[in-house]
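Chemist: Sharing a structure, written as structure tokens. Questions coming.
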């Protein structure tokens with residue numbers, strides 16, 4: 001359950017449903033190893049706010065009677081002016097309680113430390129408050145915290161996609177490892193070292209910033225002003241449970 005983060009935006013894979021892979025697909029690929037009866041659904045849709053995620057995805061998720069539910073929600077709310085991290089956590093608390101009461105293990109993602117990230121860095125304080133609230137929610141319902149705030153590797157620019165708002169394939173891979181470790185699941189994923197970044201003159205860096213602002217930041221701001229979402233008209237990429245095949249796995253792309 002979730003938004004663009006769980007949908008896998010920033011990690012393009014033409015052979016995956018919806019054209020994106022992401023940390024959740026990568027995690028499911030590992031969970032499915034040597035399990036013929038494994039089934040995976042992904043209900044996340046980019047751009048969704050917390051209330052939308054709960055209204056649209058919670059009931060369908062519970063109807064699947066899952067053993068494990070992951071939820072990352074609230075990030076799109078926190079970047080909006082006037083958002084209240086305490087109120088958001090209260091809404092999420094009730095939903096996590098319903099998931100836990102249904103017998104599912106809940107994997108609850110907090111937000112990464114976005115101190116050095118353009119645009120997102122301005123809401124770092126709200127993210128920190130929200131994260132502390134999520135720890136309380138997790139403790140109350142015996143949920144597992146996937147702690148992105150403590151994942152220092154995510155401060156590397158190569159973990160982020162060109163839009164600087166979503167994670168790149170390396171970021172999704174790194175997050176999948178962290179989530180599997182949080183669940184105490186043995187896996188075959190190995191940490192990948194990003195290539196050293198070339199030294200840039202300040203003129204080149206500013207030119208890149210201008211291109212980024214024109215291609216990504218301005219459209220993002222315009223959507224907010226027009227009350228539009230990148231997820232308008234988008235459906236879940238895996239609405240029903242099914243087997244998952246990743247690149248290099250039997251039956252998957254590259255196999």
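In UniProt numbering, the protein residues as written are 1 to 255. Don't be surprised by glycine CBs; every beta carbon is placed ideally from N, CA and C.
Note down, in chain order, each residue of its chain lying with its Cβ closer than 8 Å to the Cβ of residue 147, except the 5 sequence neighbours on either side.
Modeler: As a first step, residue 147 is located in the chain shown; it is residue number 147 there, counting from the start. So the list reads 110, 178 and 182, once near-sequence residues are dropped.
Chemist: Taking residue 5 as part of the alpha helix (DSSP H), name the residues at either end of that continuous run.
Modeler: On the chain shown, position 5 is the one that residue 5 refers to. Run containing residue 5: 4-7, per the alpha helix (DSSP H) assignment.
Chemist: Should residue 3 go down as buried or exposed, given a rule of 16 or more other Cβ atoms within 10 Å for buried?
Modeler: The residue labelled residue 3 in the question sits at position 3 within the chain shown. Its Cβ being crowded by 16 or more others within 10 Å, residue 3 is buried.
Chemist: Below 8 Å on the Cβ atoms is my contact criterion, and I expect residue 78 with residue 127 to pass it. Report the Cβ-Cβ distance as a whole number of Å.
Modeler: Counted from its first residue, the chain shown places residue 78 at position 78. Counted from its first residue, the chain shown places residue 127 at position 127. Going by Cβ atoms, the distance from residue 78 to residue 127 rounds to 6 Å, so yes, they are a contact pair.
Chemist: How would you label residue 30, buried or exposed, when you count the other beta carbons within 10 angstroms and need 16 or more for buried?
Modeler: Start at 1 with the first residue of the chain shown, and residue 30 comes out as number 30. Answer is buried; the Cβ neighbour count reaches 16.
Chemist: In whole angstroms, what is the alpha-carbon distance linking residue 41 and residue 90?
Modeler: Taking the first residue of the chain shown as 1, we reach residue 41 at position 41. Taking the first residue of the chain shown as 1, we reach residue 90 at position 90. Each residue's Cα considered, the two are about 26 Å apart.
Chemist: How big is the Cα-Cα spacing for residue 85 and residue 142?
Modeler: Counted from its first residue, the chain shown places residue 85 at position 85. Counted from its first residue, the chain shown places residue 142 at position 142. Roughly 21 Å separates the two Cα atoms.
Chemist: In three-state DSSP terms, what is residue 18?
Modeler: Translated into the one-based positions of the chain shown, residue 18 becomes position 18. Here residue 18 sits in helix by DSSP.
Chemist: Just to confirm my understanding: we take residue 32, look at its own chain, exclude 5 residues before and 5 after, and list those with CB closer than 6 Å. What are they?
Modeler: As a first step, residue 32 is located in the chain shown; it is residue number 32 there, counting from the start. Cβ within range, chain order: 38 and 244.
Chemist: When burial is assigned at 16 or more other CB atoms within 10 Å of the CB, is residue 81 buried or exposed?
Modeler: Indexing the chain shown from 1 puts residue 81 at position 81. Exposed, since its Cβ has fewer than 16 Cβ neighbours within 10 Å.
Chemist: Anyone know if the C-beta pair for residue 62 and residue 28 falls short of 8 Å?
Modeler: Residue 62 sits at position 62 when you count from the first residue of the chain shown. Residue 28 sits at position 28 when you count from the first residue of the chain shown. Their beta carbons are not under 8 Å apart, which means residue 62 does not touch residue 28 by this criterion.
Chemist: Within the same chain, show all residues whose beta-carbon is closer than 6 Å to that of residue 72, passing over the 5 residues directly before and after it, in chain order.
Modeler: Looking up residue 72 in the chain shown gives position 72. Taken in chain order, the residues that qualify are 2, 5, 6 and 109.
Chemist: In angstroms with no decimal places, state the Cα-to-Cα distance between residue 255 and residue 11.
Modeler: Here residue 255 refers to the residue found at position 255 when the chain shown is read from its first residue. Here residue 11 refers to the residue found at position 11 when the chain shown is read from its first residue. For residue 255, the pLDDT reaches just 31, beneath the cut-off of 50, and the residue's location in the model is therefore unreliable, although a value from the coordinates is still provided. The alpha-carbon atoms of residue 255 and residue 11 are separated by roughly 19 Å.
Chemist: For residue 120, which residues from the same chain have a beta carbon less than 6 Å from its beta carbon, with the 5 sequence-adjacent residues on both sides left out?
Modeler: To locate residue 120, count along the chain shown from 1; it is residue 120. Counting only Cβ-Cβ distances below 6 Å, and skipping sequence neighbours, we find 114.
Chemist: Would you mind giving the Cβ-Cβ distance between residue 17 and residue 152, rounded to the nearest angstrom? I have them listed as a contact below 8 Å.
Modeler: In the chain shown, counting from the first residue as 1, residue 17 sits at position 17. In the chain shown, counting from the first residue as 1, residue 152 sits at position 152. Contact doesn't hold; Cβ gap of about 32 Å is too wide.
Chemist: In chain order, what residues of the same chain lie with their CB nearer than 7 Å to the CB of residue 133, ignoring the 5 residues before and after it?
Modeler: Position 133 of the chain shown, counting from 1, holds the residue named residue 133. Only 85, 86 and 89 meet the Cβ criterion.
Chemist: Are the CB atoms of residue 58 and residue 98 nearer to each other than 8 Å?
Modeler: In the chain shown, residue 58 corresponds to position 58, counting from 1. In the chain shown, residue 98 corresponds to position 98, counting from 1. Closer than 8 Å, so yes.
Chemist: Looking only at its chain, what residues have a beta carbon closer than 6 Å to the beta carbon of residue 70, apart from the 5 residues adjacent to it on each side?
Modeler: In the chain shown, the residue the question calls residue 70 occupies position 70. Excluding positions up to five away in sequence, the list reads 107.
Chemist: Can you round the beta-carbon distance between residue 276 and residue 45 to whole angstroms, since I take them to be within the 8 Å contact cut?
Modeler: Residue 276 lies beyond the stretch modelled for the chain, which goes from 1 to 255, so this question has no answer here.
Chemist: Based on Cα-Cα distance, which residue from 184, 23, 53 and 186 lies nearest to residue 76?
Modeler: Taking the chain shown and counting its residues from 1, the one referred to as residue 76 is at position 76. Comparing Cα positions, the closest option is 53.
Chemist: Excluding the five sequence neighbours on either side, which residues of its own chain have a C-beta within less than 7 Å of the C-beta of residue 64, listed in chain order?
Modeler: Start at 1 with the first residue of the chain shown, and residue 64 comes out as number 64. For residue 64, the CB contacts under 7 Å within the same chain, skipping 5 residues up- and downstream, are 41 and 241 in chain order.
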